[in-house]
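Notes follow the structure.
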Amino acid sequence: VAGYSASAWVCVGGSQSGSSITLALGQEATCTITNDDQPAHLVVIKQVVNDNGGTAVSGDFTLDSGGANDTPDNFAGVASPGTTVTLDAGSYAVSESGPAGYTASYSADCSGTIANGQTKTCTVTNNDVAPKLHLRKVVTNNDGGTKSVADFALLADGTGANDLSGTSPVDSGPGLKADTWTLSETSVAGYSASAWVCVGGSQSGSSITLALGQEATCTITNDDQPAHL
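Counting from 46, one number per residue, gives the positions in the sequence shown under the working numbering.
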């Protein structure tokens with residue numbers, strides 16, 4: 046029967062040779078075989094994708110099979126070939142905890158039921174979540190000014206090519222990496238600029254820092270200046 050291992054036959058009485066029993070006239074024997082149910086095995090593989098500035102590795106994530114009598118329990122993530130967990134037959138559901146800023150996807154065999162002696166493989170993939178940065182321009186024309194938001198170029202200068210620029214509204218895409226950006230704009234004569242005001246992230250003066258999965262909207266206001274005669 047699948048999922049069970051068999052012992053050798055043990056006979057009391059007669060003459061036993063391996064799995065054979067010989068009885069002469071008038072002899073009596075009782076022969077017993079024992080079957081033991083075998084544990085199930087779940088292979089858990091951890092994959093980490095760092096394409097948005099993340100630095101976590103597989104060992105930074107703690108996983109649990111969610112099965113009965115699982116060994117090991119609450120184990121650290123391991124890349125291929127993964128961690129082999131021994132557990133009782135029945136239902137299970139792999140879960141994890143780990144660094145913020147990552148989303149998790151689970152393969153089909155990461156939950157369900159498993160039979161005695163069966164081996165299944167679960168792959169858990171964590172992908173770092175790109176931050177989101179929005180640049181906004183407000184123009185106040187209360188002294189005869191005629192400029193609009195399209196006349197002001199906005200720039201968020203990050204590390205290397207990890208920049209964001211354009212005219213308001215400026216919104217980052219999925220390729221943005223966690224970073225610190227210096228915020229600036231093209232100066233337009235006759236207008237004074239306010240300080241940058243950011244909602245979200247961590248702002249220091251005209252710099253904004255975003256970790257994985259964070260989002261910020263940074264706004265600068267330009268006010269037309271009166272003339273003097």
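Every residue, glycine too, gets a C-beta built ideally from N, C-alpha and C.
Among the options, whose alpha-carbon lies nearest the alpha-carbon of residue i?
| i | options | result |
| --- | --- | --- |
| leucine 228 | Asp173, Thr254 and Gly48 | Thr254 |
| serine 103 | Ser125, Thr185 and Ala198 | Ser125 |
| proline 176 | Thr129, Tyr137, Gly258 and Lys91 | Gly258 |
| cysteine 76 | Gln83, Val55, Ser64 and Leu68 | Val55 |
| leucine 246 | Cys263, Ala149 and Ser52 | A small fix is needed here, since residue 246 is glycine in this sequence, not leucine. It is Cys263. |
| valine 89 | Glu73, Gln83 and Pro117 | Pro117 |
| glutamine 72 | Ser213, Asn97 and Val57 | Val57 |
| aspartate 133 | Ala153, Ala149, His179 and Asn161 | Asn161 |
| alanine 145 | Asp154, Val174, Asn97 and Tyr137 | Val174 |
Taking only the alpha-carbon atoms, compute the straight-line gap between residue i and residue j and give it to the nearest angstrom.
| i | j | result |
| --- | --- | --- |
| glycine 99 | alanine 223 | 7 angstroms |
| glycine 135 | serine 156 | 11 angstroms |
| aspartate 208 | glycine 122 | 33 angstroms |
| alanine 47 | histidine 86 | 14 angstroms |
| asparagine 186 | glycine 203 | 31 angstroms |
| serine 60 | aspartate 81 | 26 angstroms |
| asparagine 119 | glycine 143 | 12 angstroms |
| alanine 272 | alanine 240 | 22 angstroms |
Looking at the structure shown, is residue i part of a helix, part of a strand, or coil, going by DSSP?
| i | result |
| --- | --- |
| aspartate 196 | helix |
| glycine 104 | helix |
| histidine 86 | strand |
| histidine 273 | coil |
| glutamate 260 | strand |
| aspartate 81 | strand |
Is it the case that the CB of residue i approaches a heavy atom of the ligand FMN more closely than 8 angstroms?
| i | result |
| --- | --- |
| alanine 223 | In terms of ligand content, the structure shown is empty, and the ligand FMN therefore cannot be addressed. |
Under 9 angstroms, Cβ to Cβ, is there at least one residue of chain C near residue i?
| i | result |
| --- | --- |
| glycine 135 | Here chain C cannot be found, since the structure has a single protein chain. |
Is the Cβ-Cβ distance between residue i and residue j less than 9 angstroms?
| i | j | result |
| --- | --- | --- |
| serine 50 | glutamine 83 | yes |
| phenylalanine 106 | valine 94 | no |
| valine 184 | tyrosine 236 | yes |
| isoleucine 265 | lysine 192 | no |
| aspartate 268 | aspartate 196 | no |
| threonine 128 | leucine 108 | yes |
| cysteine 167 | tyrosine 151 | yes |
| leucine 199 | serine 210 | yes |
| alanine 201 | leucine 180 | yes |
| glutamine 270 | glycine 190 | yes |
Review point. Whole alpha helix (DSSP H) runs in the segment 135 to 170 with 4 or more residues, listed along the chain?
Key: none
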